[in-house]
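*Asks:* Right, I'll just put the structure down here and ask away after.
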Amino acid sequence: MTGMDAILHGGLQGYLVVALLLFAIGLAAVLLRRTLLMQFMGVELMLNAANVALLAFARYRGGDLQATVFYLFIIAVAACEAAVGLALIIGLYRHRDTTDSDRTASLKQ
Amino acid sequence: MNKYYWLIPILPLLGSVFNGILGRRAGKGAVTFVGLGTVLGSLVLAFSAFFAMKALPDHRLVLNFGEWMGVGSMSVPFGFVIDTLSGTMMLVVAGIGFLIHVYSVGYMHDDEGYGRFFSYMNLFVFFMLTLVLGSSLPLMFVGWEGVGLCSYLLIGYYFETDFAPDAGLKAFLMNRVGDLGVAIGMMVLFAAFGTLTVGDILLRAGHLAPEAGFGILTFATLMLFVGATGKSAQLPLYLWLPDAMAGPTPVSALIHAATMVTSGIYMICRLAPVFTLAPITMDVVAWVGAATALFAATIGLVQRDIKKVLAYSTVSQLGYMFLGLGASGFAAGFFHVFTHAWFKALLFLGAGSVIHAMHHEQDLFKMGGLKAKMPLTFWTMLAATLAIIGFPGTSGFASKDEILYLAYLKSPALWVIGVVAACCTAFYMLRLFTLAFLGEPRDHHAHDHAHESPASMTLPLVVLAVGSVLAVWLGWPKAFGGEFRIEEWLSSAVTYGQLHAAHGEHGSAQLPLILASVSTILGLGFAFFGYLTYRNGLAVAEARAAKFPVVHKVLLNKYYVDEGVELVILGPIRWFGNLLWKLFDVIIIDGVGVNLPGALARVFGDFTALFQTGRVRNYALSMALGAAVLLYVFLK
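So the sequence lines, in the order shown, correspond to chains Z and R.
Numbered per the numbering used here, the first sequence spans residues 1 to 109.
Numbered per the numbering used here, the second sequence spans residues 1001 to 1636.
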């Protein structure tokens, strides 16, 4: 079964492929972009990839409610974390006039 | 009263603590009150204890406060023993100690460190009394070390000068050499007798016969004698005492003349029955004593510093005491300790009075003509000088002649050495006396300002002068119809535990009289010679010195012993120390041991720091790679 088949026909593997792609895109954003905002979005993508995988496994195991509850909690915590992360980025921008992560390396010195 | 006698040493200790902690804040009045009051209290208690001991049939008062150290078969009591020997010594320490404290009130009046001075002095009295009264060798050793500490502190009292701290250090280090001997001697005695309590050692020694050759007791007593040479400044460990004169003059009088330096003699008297068992040691003691007596007396002939003359005189007189001990004259040796404590303390205090009046001028050649300015000092110094040269009727006459007589019985050669030393003593004492008090003043500026010292200084002088003469009452020699009663008085202590106390044979009746007359006449002759030489200033002496330039120079430089020690002992030690420092310490310890691991850590750190770019993306990449590797490993 090819990847495209998996997506078209449903089943666990299709979901996992989506999750993998999401994770890879997120990781690429974190590693390749220098703008903190973009890197942050990459992190969020990777988080959601994990969520997709989690729910896919839950479904595969026969609709485990615990996973759904867990997922809801993760979403809530991720929202908080997003708020904190954005606030930090804004704070950094106010101080440094930049959101370039390569230029905020002053702890190195 | 018995239950208060433990206060005898403790009172001065309390005084020391008070003066040491609060001395600066409490003011001079309080320091004087506490410093003198505690010593006086201890003196009063000492008298009470002395008479309590005297009233006992065996003259032996033992105070036991319990066990101090108990390990295996060793049990060391914590206690005091007051017998005729320690009782007499205790009175000397507390009595002369008190007089010198009184004197110090005047002498140290303008000194910044008044409280510190009295704190040290009180501490010294505490340790000295512990040494004297201790009923076991370890407790005596505590006192022995303690007086060494106080000696160090007081020699280095003027710590802002260059030489005083060095002199203190010298005294301390030289005493360490001797103290090692005492420690070894103590251990050997424990091995031999199985106890460290003085009384028990003597009781067990009483059953033994003298050792024929070099046995364990000879070794133990020789080691103890090494300690005595350190503490009592005998050859070869005497070098520290002349330098110890860097301390204030009352210190020289109390510690380096009257009490501490005699503790070596006291220790040997304390263990007299053990020393008697080791004839070889006794020979060594006698010959070292005689050699020191002569050696130091010749150096004293040419010294210019008034305190240095007295210091060499002390070394020489201590040599006499050891000569007496070595000739089995424990009573004679201790009697000389007793009389010497009076007249030598007086000589030092008199010298201090002169120095005080001359505004800290210690050079004899700049003094002169002080008789009219300082009559009390003059007359008391005269009494002390007569006593030390053995003028008939004074205390020095009695004690010195008894020692010389016993030395003659041991070996006539020892007697000859002793008499020659006595002649030197007579000469340099009259030289000192004449240069300081008689003739014309040689430094008019200092002379004009000279004045008699205050009452707190002259009063002790008078008391000591009376004592210097009257101490003869205790031991008028048998040769002159006396009873030498100190011998009988001390016999219960120095022959304690002996089954058959040896009675020295006393030769013919005329012999002591002849010997004493010869030595006295010779001594007085040399005294007169000394007076004649310096009566009209320095011209005669300088002319004579010019005739014997080599002898004069050697004596003036104290036989170059200091230089020799520097060359033979200190030089190699310093060289070896340098080697250890530069090779072992700098290269091996610092280099290989410390700096090398440091450098390695730094190199490694610099390497790993390359990975710390400070860029989030790099960290994220390494994290992702790490996660990928883990994933591969686990899922493979």
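For each residue, glycine too, the CB sits at the ideal point set by N, CA and C.
As the structure is a prediction and not an experimental result, all values here were calculated from the model.
Using 9 Å as the limit for Cβ to Cβ distance, is Gly-1598 (chain R) near chain Z?
*Replies:* Judged by the 9 Å Cβ criterion, Gly-1598 (chain R) is not in contact with chain Z.
*Asks:* What did DSSP end up calling Glu-1160 (chain R) once you bin it into helix, strand or coil?
*Replies:* Correct three-state label for Glu-1160 (chain R): coil.
*Asks:* Determine whether the Cβ of Gln-39 (chain Z) lies closer than 9 Å to any Cβ atom of chain R.
*Replies:* Chain R contact via Cβ: present.
*Asks:* Below 9 Å between beta carbons: does that hold for Tyr-1107 (chain R) and His-1356 (chain R)?
*Replies:* Yes, the Cβ-Cβ distance between Tyr-1107 (chain R) and His-1356 (chain R) is below 9 Å.
*Asks:* Where do the ends of the beta strand (DSSP E) carrying Ser-1075 (chain R) lie?
*Replies:* Unbroken beta strand (DSSP E) run through Ser-1075 (chain R): 1074–1083.
*Asks:* At a CB-CB cut-off below 7 Å, which residues of chain R make contact with Arg-96 (chain Z)?
*Replies:* Under the 7 Å cutoff, chain R gives no residues; its nearest Cβ is about 14 Å from Arg-96 (chain Z).
*Asks:* Does the beta carbon of Arg-1602 (chain R) sit closer than 9 Å to a beta carbon anywhere in chain Z?
*Replies:* Arg-1602 (chain R) does not count as touching chain Z.
*Asks:* I need the straight-line Cα distance from Met-1 (chain Z) to Ile-89 (chain Z), nearest angstrom please.
*Replies:* A caution first: Met-1 (chain Z) carries a pLDDT of 48, below 50, which makes its placement in the model unreliable, though a value can still be read off. Those two C-alpha atoms are separated by around 44 Å.
*Asks:* Just tell me which of R:Phe-1065, R:His-1109, R:Leu-1043 has its CA closest to the CA of Met-1090 (chain R).
*Replies:* Answer by Cα proximity: R:Leu-1043.
*Asks:* Reducing DSSP to helix, strand and coil, say where Glu-1211 (chain R) ends up.
*Replies:* Of the three classes helix, strand and coil, the one that applies to Glu-1211 (chain R) here is coil, per DSSP.
*Asks:* So who's on the other strand from Asp-1363 (chain R), going by DSSP bridges?
*Replies:* The partner list for Asp-1363 (chain R) (beta bridge, DSSP) reads R:Asp-1305.
*Asks:* Against Val-84 (chain Z), what residues of chain R qualify as contacts under a CB-to-CB distance less than 9 Å, listed in chain order?
*Replies:* Chain R residues near Val-84 (chain Z): none, gap ~16 Å exceeds 9 Å.
*Asks:* Would a C-beta distance cut-off of 9 Å place Ser-1468 (chain R) and Ala-1383 (chain R) closer than the cut-off?
*Replies:* In this structure, Ala-1383 (chain R) lies closer than 9 Å to Ser-1468 (chain R) by Cβ.
*Asks:* Beta-carbon of Ala-1620 (chain R) versus every beta-carbon of chain Z: anything under 9 Å?
*Replies:* Yes, Ala-1620 (chain R) counts as interfacial toward chain Z.
*Asks:* Return helix, strand or coil for Arg-61 (chain Z), following the three-state DSSP convention.
*Replies:* Arg-61 (chain Z): coil per DSSP, three-state reduction.
*Asks:* Does Leu-1370 (chain R) pass the burial test, meaning 16 or more other C-beta atoms within 10 Å, or should it be called exposed?
*Replies:* Buried.
*Asks:* In chain R, which residues lie with their C-beta within 7 Å of the C-beta of Leu-27 (chain Z)?
*Replies:* Under the 7 Å cutoff, chain R gives Ala-1624.
*Asks:* Could one say the Cβ of Thr-99 (chain Z) lies closer than 9 Å to chain R's Cβ atoms, at least one of them?
*Replies:* No - not a single Cβ of chain R is within 9 Å of the one on Thr-99 (chain Z).
*Asks:* Mark Lys-1373 (chain R) as exposed unless 16 or more other C-beta atoms lie within 10 angstroms of its C-beta, in which case mark it buried.
*Replies:* Buried.
*Asks:* Any beta-carbon of chain R closer than 9 Å to the one on Arg-34 (chain Z)?
*Replies:* Yes, Arg-34 (chain Z) counts as interfacial toward chain R.
*Asks:* Could you check whether the Cβ of Gly-1614 (chain R) sits closer than 9 Å to any Cβ belonging to chain Z?
*Replies:* Cβ-Cβ to chain Z under 9 Å: yes for Gly-1614 (chain R).
*Asks:* Between the C-alpha atoms of Met-1358 (chain R) and Ala-1446 (chain R), what's the straight-line distance to the nearest angstrom?
*Replies:* Cα to Cα, Met-1358 (chain R) sits roughly 6 Å from Ala-1446 (chain R).
*Asks:* Under 9 Å, do Ala-1278 (chain R) and Gly-1319 (chain R) count as touching if we go by C-beta distance?
*Replies:* It is not a contact, given that the beta carbons lie outside the stated cut-off.
*Asks:* Could one say the Cβ of Leu-88 (chain Z) lies closer than 9 Å to chain R's Cβ atoms, at least one of them?
*Replies:* Cβ-Cβ to chain R under 9 Å: no for Leu-88 (chain Z).
*Asks:* Report yes if the CB atom of Phe-1338 (chain R) is closer than 9 Å to the CB atom of Val-1494 (chain R), and no otherwise.
*Replies:* No, they are not a contact pair.
*Asks:* Closest to Cys-1150 (chain R) by CA distance: which of R:Leu-1310, R:Val-1132, R:Phe-1126 is it?
*Replies:* The shortest Cα separation from Cys-1150 (chain R) among R:Leu-1310, R:Val-1132, R:Phe-1126 belongs to R:Phe-1126.
*Asks:* Examine chain R for any beta-carbon lying closer than 9 Å to the beta-carbon of Val-17 (chain Z), and answer yes or no.
*Replies:* Chain R, which has no Cβ nearer than 9 Å to the Cβ of Val-17 (chain Z), makes this no.
*Asks:* Return the CA-CA distance between Gly-1537 (chain R) and Gly-1352 (chain R), expressed in angstroms with no decimal places.
*Replies:* C-alpha separation (whole angstroms): 22 Å.
*Asks:* Can you give, in chain order, each stretch of the alpha helix (DSSP H) that sits fully within the stretch 1078–1145 of chain R and has at least 4 residues?
*Replies:* As far as the stretch 1078–1145 of chain R is concerned, its whole alpha helix (DSSP H) runs of at least 4 residues are 1084–1107, 1114–1133.
*Asks:* With a threshold of 9 Å between beta carbons, is Asp-102 (chain Z) in contact with chain B?
*Replies:* Looking for chain B here will not work: the only protein chains present are Z and R.
*Asks:* So the candidates are R:Thr-1281, R:Leu-1137, R:Leu-1011; which of them puts its Cα closest to the Cα of Thr-1195 (chain R)?
*Replies:* When each option's Cα is compared against that of Thr-1195 (chain R), the closest is R:Leu-1137.
*Asks:* Secondary structure at Met-1 (chain Z), three-state DSSP: helix, strand or coil?
*Replies:* Residue confidence is low: Met-1 (chain Z) scores 48 on pLDDT, short of 50, so the model does not pin down where it sits. Its coordinate-derived value is still stated next. Three-state result, Met-1 (chain Z): coil.
*Asks:* If we define contact as Cβ-Cβ less than 9 Å, is Arg-1024 (chain R) a contact residue for chain Z?
*Replies:* Closer than 9 Å: no.
*Asks:* Go through the stretch 1582–1607 of chain R residue by residue and report every complete run of the alpha helix (DSSP H) that reaches 4 residues or more, in order.
*Replies:* Counting whole runs of 4 or more residues, the stretch 1582–1607 of chain R contains no alpha helix (DSSP H) stretch at all.
*Asks:* How long is the line joining the alpha carbons of Phe-1397 (chain R) and Val-1420 (chain R), rounded to whole angstroms?
*Replies:* Rounded to whole angstroms, Phe-1397 (chain R) to Val-1420 (chain R) spans 15 Å at the Cα level.
*Asks:* Using a Cβ-Cβ cut-off of 9 Å, state whether Val-30 (chain Z) counts as contacting chain R.
*Replies:* Val-30 (chain Z) counts as touching chain R.
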